[in-house]
Amino acid sequence: MATVLAYTSPAKGHLFPAAALLLELRRRGHRIVLRTLASEVETMRRLGFDAAPIDPRVPAIVEPTRLPRGTVAALRAGIGVFAQRAPHEAADLRQAIAEHQPDVVLVDVNSWGGLAEAERWAAATGGLFVEFSPYTPAIPSRDAPPFGPGLPPARGPLGRLRDLALRPLVFGTLERAVLPMLNKVRRDLGLSDLADARDMFTRAQLMLVTTAEPFEYPRRDWPEQTVLVGPCEWEPPVAEPSWLADLTDPVVLVTTSSEAQDDGRLVQVALDALADEPVQVVATLPAGIRDSYRIPANAHVEEFVPHSAVLTRSVVAVTHGGMGATQKALARGVPVCVVPFGRDQHEVAQRVRASGAGTSVKPARLTPERLRSAILQARDCADGAHRIRDAFHASGGPQAAADAIEKRGAQGR
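With the numbering used here applied, the sequence shown corresponds to residues 685 to 1097, in that order.
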């Protein structure tokens, strides 16, 4: 069977979906080599992967906790980090390829240096280069609004005119900021320059995206190598806390990002909003509990609780808008209230609203009263959440992703 070398960006929210796919490939008999976060290496080894840490210089380059105000400025700050990491990632992946001689190289969409090195390797050897995106990639489309600001889908001629006018503004700003840095890395590898944002995401022979329509906006112009496989879920094997089995009231899950960002106040606002409601609140802060919270009698605050166990009891999930946490709730038919703080989270919030699967509140307007109202409104969106759940189930998840890799590998380049 094939040797699959996977290279992830330093984010648990990217590693865990990849782990679900890699477990399925291992189940089918493929050998899995993984380069990822140092903190997760031992856990990945227990799954049967040949795991080792990525170059420590990569995770040392981080986004500022407080991103600049304005969606485009915040995106530029976040994306600039990926470009700074790129030279270290390229050299790191090159060393892993030389050591393990893989048949397939799977690279996280946010590992820009890894993507460039995998492209160089595939061109030289004929191996299969797979790009793995655990969120909707920022590929320009005539059928979708420009990615980043969280705009609603266009309606009618005026909406299409809006997208036509904004597309070069949004994507052009990012391209001017990022492409010169990224193309320098590519030239050092002997690769041609990227022309634009779409070009950046279409160099792999196969691109796996962990979402599905109708949660994702229907598009007629996905690149031909793109496969929407739906959510890929995996959680660390952690024992459930004893109090979880004793919860009797309807549960509201509140969760923040696994990567440091300024979203910790969401937890306190949610605790205050729901203190007098007939629900139990379970709040998790996977990036670490950095603040002191006033915890009412109907709430538990933990760094980590297996979300799958909580969601089976939940009537609403309140999230920061991370694709993983949001889709995990929707995959179980649990409606969502999103409070987006940055990165791709405004886009996720808009998709929740557009699909009728929940509500959202802007961080600048976040108060206990507004959040309580939005949570109660989201609870009435169960029909929309169930529609997304059924679509996600039909998309296939890790099995569909593994099928696509094996099919493309059998076809050759």
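For every residue, glycine included, the Cβ atom is placed at its ideal position computed from N, Cα and C.
- A Cβ-Cβ contact shorter than 8 Å links Gln1029 with His1004.
- Rounded to whole angstroms, the Cβ separation of Val788 and Val688 is 4 Å, and the two are in contact under 8 Å.
- Excluding its 5 nearest sequence neighbours in each direction, Met884 has C-beta neighbours in its own chain below 6 Å: Leu878, listed in chain order.
- Annotated three-state conformation of Gly1042 is strand, per DSSP.
- When the Cα atoms are used, Thr939 and Ala1009 turn out to be separated by approximately 8 Å.
- Scanning its chain for C-beta atoms nearer than 6 Å, with the 5 sequence neighbours on each side dropped, one finds around Asp734 the residues Val717, in chain order.
- With 16 or more neighbouring CB atoms inside 10 Å of its own CB, Thr692 falls in the buried class.
- Residue pairing from DSSP places Ile716 in a beta bridge opposite Val688.
- Beyond the five residues adjoining it in sequence on each side, Ala1038 comes within less than 8 Å, by CB distance, of Pro836, Pro837, Tyr901 in the same chain, given in chain order.
- If you look at His984, you'll find it in the beta strand (DSSP E) that goes 983-986.
- With respect to the 8 Å criterion, Leu1055 and Ala954 are classified as neighbours on the basis of their beta carbons.
- Ranking Val765, Arg1071, Arg715, Ser1044 by CA distance to the CA of Ala1015 puts Arg1071 first.
- Here Glu1031 is buried: its Cβ has 16 or more other Cβ atoms, across all protein chains shown, within 10 Å.
- With respect to Pro898, Gln1011 sits apart: the two C-beta atoms are not nearer than 8 Å.
- For Glu747, the three-state secondary structure derived from DSSP is coil.
- Taking C-alpha positions only, Met685 is separated from Pro786 by approximately 11 Å.
- Along the length of the region 837-908, whole beta strand (DSSP E) runs at least 3 residues long occupy 890-893, reported in chain order.
- A distance of 8 Å or more separates the beta carbons of Gly811 and Glu773.
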